[in-house]
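Data block below; observations after.
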Amino acid sequence: MLPDVKEIKSRRLKLGLNQTQLANASGVSQSLIAKIESGKIDCSYSKTKSIFDALEKIEEKSDLTAKNIMNSHIYSIQEKSSLQDAVQIMRKHGISQLIVQDGSQMTGSISEKDLLDKIALGWKSEQLTRAKVSEVMQDAFPTINEDTPLKIASALLEKTLAVIVIKKNKPAGIITKTDLLKTL
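Our numbering applies: residue 57 is where the sequence shown begins, and numbers increase by one.
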């Protein structure tokens, strides 16, 4: 038995969805969602079921936390290391960013984009091989705890390349846009 159709709007709003997003997820039109929510129409069982099925799937995904999607393989490099070492680590592990540390303290980040930006600025290969990570590194990636909802991690990834997941004040994992795509 399906829940009351009056629940559609409240569940949609709780998930932060607009009518178009719910319509796309459920395979119905936005106008049908609007008519159902305003009480102007009694919808068929199959359309109503599609809407509730979509809401349930989205609710399940919204329950995901950073711990569920993080990659526990974290790679780092010391500030004093060469850029050449950073490139070798990225190539070896098939990754595009590294945490930069000074001892055990996270102090920054470095990514393929940072290196490409230097090349675009005219840096020659010998400059890149002689340079230290500290000369190219950017700010440290933001950190979140393991219980942070996927929605928050996703919002952070709109502005940064990666997010570090912290457990007991130590890095436990990393989340990148690629990790988010795996949840689809």
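Beta carbons: idealized from backbone N, C-alpha and C, even for Gly.
Comparing C-alpha positions only, which one of the options sits nearest to residue i?
i	options	result
Asp158	Asn127, Ser190, Ile175, Leu171	Ser190
Arg147	Met162, Tyr131, Val156	Tyr131
Met193	Ser106, Met162, Ala90	Met162
Lys223	Lys215, Thr199, Leu212	Thr199
Asp195	Asp235, Trp179, Lys215	Lys215
Asp109	Thr121, Thr204, Glu63, Ser160	Glu63
Hey, how far is the Cα of residue i from the Cα of residue j?
i	j	result
Gln77	Glu202	28 angstroms
Leu177	Ser165	19 angstroms
Ser85	Lys103	10 angstroms
Glu135	Lys233	25 angstroms
Lys238	Leu217	16 angstroms
His129	Leu172	24 angstroms
Ser167	Leu111	37 angstroms
Ala209	Val219	7 angstroms
Lys96	Pro59	18 angstroms
Leu206	Cys99	32 angstroms
Gln75	Glu93	9 angstroms
Ile107	Asn225	41 angstroms
Ala79	Val61	14 angstroms
Ile89	Met57	20 angstroms
Ile133	Ser87	53 angstroms
Taking all protein chains shown into account, do 16 or more other C-beta atoms lie within 10 angstroms of the C-beta of residue i, making it buried, or fewer, making it exposed?
i	result
Gln144	exposed
Gln153	buried
Ser82	buried
Ile151	buried
Ile155	buried
Asp119	exposed
Ile175	exposed
Provide the residue(s) that pair with residue i in DSSP beta bridges, ordered along the chain.
i	result
Ser167	Gln153
Lys226	Lys223
Thr121	Pro205
Does the count of Cβ pairs from the region 125-141 and the region 227-239 closer than 8 angstroms reach three?
Yes: at least three Cβ pairs fall under 8 angstroms.
Per the contact definition of three or more C-beta pairs closer than 8 angstroms, is the region 106-123 in contact with the region 61-73?
Pairwise C-beta distances place the region 61-73 in contact with the region 106-123, as three or more of them are shorter than 8 angstroms.
Quick one: any contact between the region 180-200 and the region 139-155, if contact means 3 or more CB pairs under 8 angstroms?
The region 180-200 vs the region 139-155: in contact.
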